[in-house]
Each structure stands twice: as structure tokens, then as C-alpha cells.
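What follows is a set of notes on a single structure, which appears directly below.
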Amino acid sequence: MTATDWDADACARVLRRPTADDDKYSRGVVGLRTGSTRYPGAAVLGVEAAWRTGTGMVRYLGPDRAQDLVLQRRPETVTADGRVQAWVLGSGTDAAERAVDETAALRGILGAEVPVVVDAGALDLVAGAAAPVIVTPHARELDRLRASLGLAPGDRDDRERTVSETAEAIGGVVLSKGALTLVAAPGGWTARVSAGTPWLATAGTGDVLGGVLGAVVAGAVAAGRTGATDLAACAATAAWLHGRAGSAASSRQGRPGGPITALDVAEALPEVVAGVLGDSIA
Numbered sequence: 002m003t004a005t006d007w008d009a010d011a012c013a014r015v016l017r018r019p020t021a022d023d024d025k026y027s028r029g030v031v032g033l034r035t036g037s038t039r040y041p042g043a044a045v046l047g048v049e050a051a052w053r054t055g056t057g058m059v060r061y062l063g064p065d066r067a068q069d070l071v072l073q074r075r076p077e078t079v080t081a082d083g084r085v086q087a088w089v090l091g092s093g094t095d096a097a098e099r100a101v102d103e104t105a106a107l108r109g110i111l112g113a114e115v116p117v118v119v120d121a122g123a124l125d126l127v128a129g130a131a132a133p134v135i136v137t138p139h140a141r142e143l144d145r146l147r148a149s150l151g152l153a154p155g156d157r158d159d160r161e162r163t164v165s166e167t168a169e170a171i172g173g174v175v176l177s178k179g180a181l182t183l184v185a186a187p188g189g190w191t192a193r194v195s196a197g198t199p200w201l202a203t204a205g206t207g208d209v210l211g212g213v214l215g216a217v218v219a220g221a222v223a224a225g226r227t228g229a230t231d232l233a234a235c236a237a238t239a240a241w242l243h244g245r246a247g248s249a250a251s252s253r254q255g256r257p258g259g260p261i262t263a264l265d266v267a268e269a270l271p272e273v274v275a276g277v278l279g280d281s282i283a
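Below is the structure:
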């Protein structure tokens, strides 16, 4: 199946402008179990991105150091467990350093029904997950994930086939990060996302993408859109928003664009979301 080139119009069909009838729950609640004592900034970046994308509520569960930094940056974040419509796991964590009780908690989330965005240090737990999953590996992480699934190394010259095969193997959505991002769902649904700038190749931008994706998925679930292709469309939309926010942040440095940080990308998200929704029906 030929991959679709994702664009602003496609994103507008996924995102929804809030109405006077909405509350924080109907807009979507995203939970993040990310960051670590070693990498607390990942939690801050993911939470910031989720808020900036337009979610109704963000719950953060993580180590005390990361939690303190999250609340310093975004005091509206809820740090108590509770109802969510999407989870983001693994950003800023290392499976080799994960405690037994944390592994049990992550397995519990992956064994439930709420859609889960799985990144970095939680990718080793994807095999056998019962929850709908969206994995967000870069090239090396994708190779490791395929090895854990008993698959041969992917063909770098045919990434679409590699990503589609991996999606079939996990029974979920794969977002393969890169200069050209590819998204695939079981059954042959594939999309290409080329919005972005090479300046996005900097530390922390993957954590921002996780927060964007969690927010988009939570909104879709709150609206009753929970199928595999719905989640794949959410993934492609998040990748497009993330890339366009990177370009917007870079362009602020003057032509032809300059260096950015991950937090710059998160801070550019509201204008990108507003631009997508500008011509859409509320």
C-alpha cells in the first residue's frame, strides 16, 4: 500500500477545537510516566509539550526530582494518579536501571485498555502488550525492538516495509522517527511526514514528540476515536505538528533558520495548532 503524505488538512481532521460544552475531561486527559532521577528533563519537556498541544489535563507520575521540576515549570500539572485517556511511558528512562516495582507498574498500564505511547526505556515491554500501543523508536531503537520480536534487522532501503512489518508484529502503531518520519498501523495503513527541519536533531525533541502524541491521542479517545487507524492518524498528526513547531522555532532565528532547543519546539506548538485549526470547523 502506498504511504500517504501527511499534511495540515489531514491534521485538521484529527484535531478538534474545544467548544463551550467542553470541560477538561472531554478535551482529553493524558498521563505521563516518564523521566528519571538521571534524566528528569525528559519529564519536563513531555509535560510542557502535552499542555502546549492543547490537552485538557496532564497527570504526571515519576520520581520526586522530576516531579518537582515539572511543577516548577507547569504548576497546573496534576501529580496524583487517576483517570486518563492516554499514557506516555519511557521517555528519559533506562530499562537497565528500572526498579522492579516500576516494571510492574508499566506492565499494568500496558496490560489495560487505555492507549499507550511507548518510547525509549519502555520499548522492551511492548511485546505481548494488551493495550493499544504506539511506539516511537529512532533507528537504533527500532532495530532493538525488532530483535526482541524475533524479526530480522530492518531494510534501511525500504523503511516503509520495515515499519509496516513491525506494526503487524506488535499489533499496534509504529512511528519511526527520522528526517522523514514514517507511521504504520496493522493492515497496511502507512503515512509519510516530512514537515520539519534538520535543527530538530537535538537532545530532548523526542521527549517533546511523546508529549504531543499523548495529548493528540487523549483528545481522540475523549472523542470516541480509538481504532488502530485513528491512533495511526494521531501519530502522523503529532509528527507533523512537532516538525512544523521545530521549523517555526528555527525560523525565529532569522533566515534560513537557526539552532533550537527542545523547549523552543514545545513553546512553538500553540501557534502551529492554531494555524491548523484556523480554517477548520469548530
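Add 1 to the 1-based position in the sequence shown for our numbering, that's all there is to it. Cβ atoms here follow ideal geometry from the backbone N, Cα and C, with glycine treated the same way.
* Among the residues of its own chain, which have a CB less than 6 Å from the CB of G215, if the five just before and after it don't count? -> V31, A51, A87, V89, V118
* To do: Return the CA-CA distance between S27 and P76, expressed in angstroms with no decimal places.
  => 21 Å
* Mind reading off the beta-carbon distance from G83 to R60? Whole number of angstroms is fine, and I expect it under 8 Å. => 6 Å
* Asked: Got a sec, what are the start and stop residues for the beta strand (DSSP E) G32 sits in?
  -> Following the DSSP letters along the chain, one finds G32 inside the beta strand (DSSP E) bounded by residues 30-34.
* Please classify W1: does DSSP put it in a helix, a strand, or coil? => Because the chain is modelled from 2 through 283, residue 1 falls outside the range shown and cannot be assessed.
* To do: Assess, as a yes-or-no matter, whether the stretch 68-75 is touched by the stretch 94-108 under the definition of 3 or more beta carbon pairs within less than 8 Å.
  => When C-beta atoms of the stretch 94-108 are compared with those of the stretch 68-75, fewer than three pairs fall below 8 Å, so the two segments do not count as touching.
* To do: Would you kindly check if the distance between the Cβ of A186 and the Cβ of A229 is under 8 Å?
  => Taking the C-beta atoms as reference points, A186 is found nearer than 8 Å to A229.
* To do: Quick one: residues in its chain with C-beta nearer than 7 Å to the C-beta of A283, no 5 flanking neighbours on either side, listed in chain order?
  => Because the pLDDT at A283 is just 41, under 50, the model does not fix this residue reliably, and the value given afterwards should be weighed accordingly. Cβ within range, chain order: R18, T20.
* Minimum length 4: unbroken alpha helix (DSSP H) runs contained in the stretch 114-189 -> If we require 4 residues or more, the alpha helix (DSSP H) runs fully inside the stretch 114-189 come out as 140-149, 160-171.
* Which whole-angstrom value is the C-beta distance of W200 and G258, which I expect to be below 8 Å? -> 6 Å
* **Option nearest A250 by Cα separation, candidates D24, T238, A236, A269** => A269
* Asked: Would you say L46 faces chain B, with C-beta separation under 8 Å as the test?
  -> Here there is only one protein chain, and chain B is not present.
* To do: Decide if T167 is buried, meaning its Cβ has at least 16 other Cβ atoms within 10 Å, or exposed.
  => Counting Cβ neighbours within 10 Å, T167 comes out buried, since at least 16 surround it.
* **T94 - DSSP class collapsed to helix/strand/coil** => In the structure shown, T94 sits in coil (DSSP, three-state: anything other than H, G, I, E or B).
* To do: Kindly give me the distance between the Cβ atoms of A132 and S92, rounded to whole angstroms, as I take these residues to be in contact under 8 Å.
  => That pair is no contact at about 17 Å.
* Asked: Excluding five sequence neighbours on each side, which residues of the same chain lie with their C-beta closer than 6 Å to the C-beta of G212?
  -> Cβ neighbours of G212 beyond the five flanking positions: G47, A50, A51.
* Which class does D231 belong to by DSSP, given the choice of helix, strand or coil? -> D231: helix per DSSP, three-state reduction.
* To do: Take every Cβ of the stretch 125-144, pair it with every Cβ of the stretch 167-180, and state whether three or more of those distances are shorter than 8 Å.
  => Touching, yes, given that three or more Cβ pairs across the two stretches are closer than 8 Å.
* Got a sec, what are the start and stop residues for the alpha helix (DSSP H) R66 sits in? -> Element bounds for R66: 65-74.
* Identified DSSP bridge partners for A61 -> According to the sequence provided, residue 61 is Tyr. The question's Ala does not apply to it. According to DSSP, Y61 bridges with L33.
* To do: Take L279 and list the residues in its own chain whose beta-carbon comes closer than 8 Å to its own, dropping the five residues that flank it on each side.
  => According to the sequence as given, residue 279 is Gly; it is not Leu. For G279, where only same-chain residues beyond five positions count, there are no Cβ hits under 8 Å.
* **G57 versus V184: straight-line alpha-carbon distance, rounded** => 25 Å
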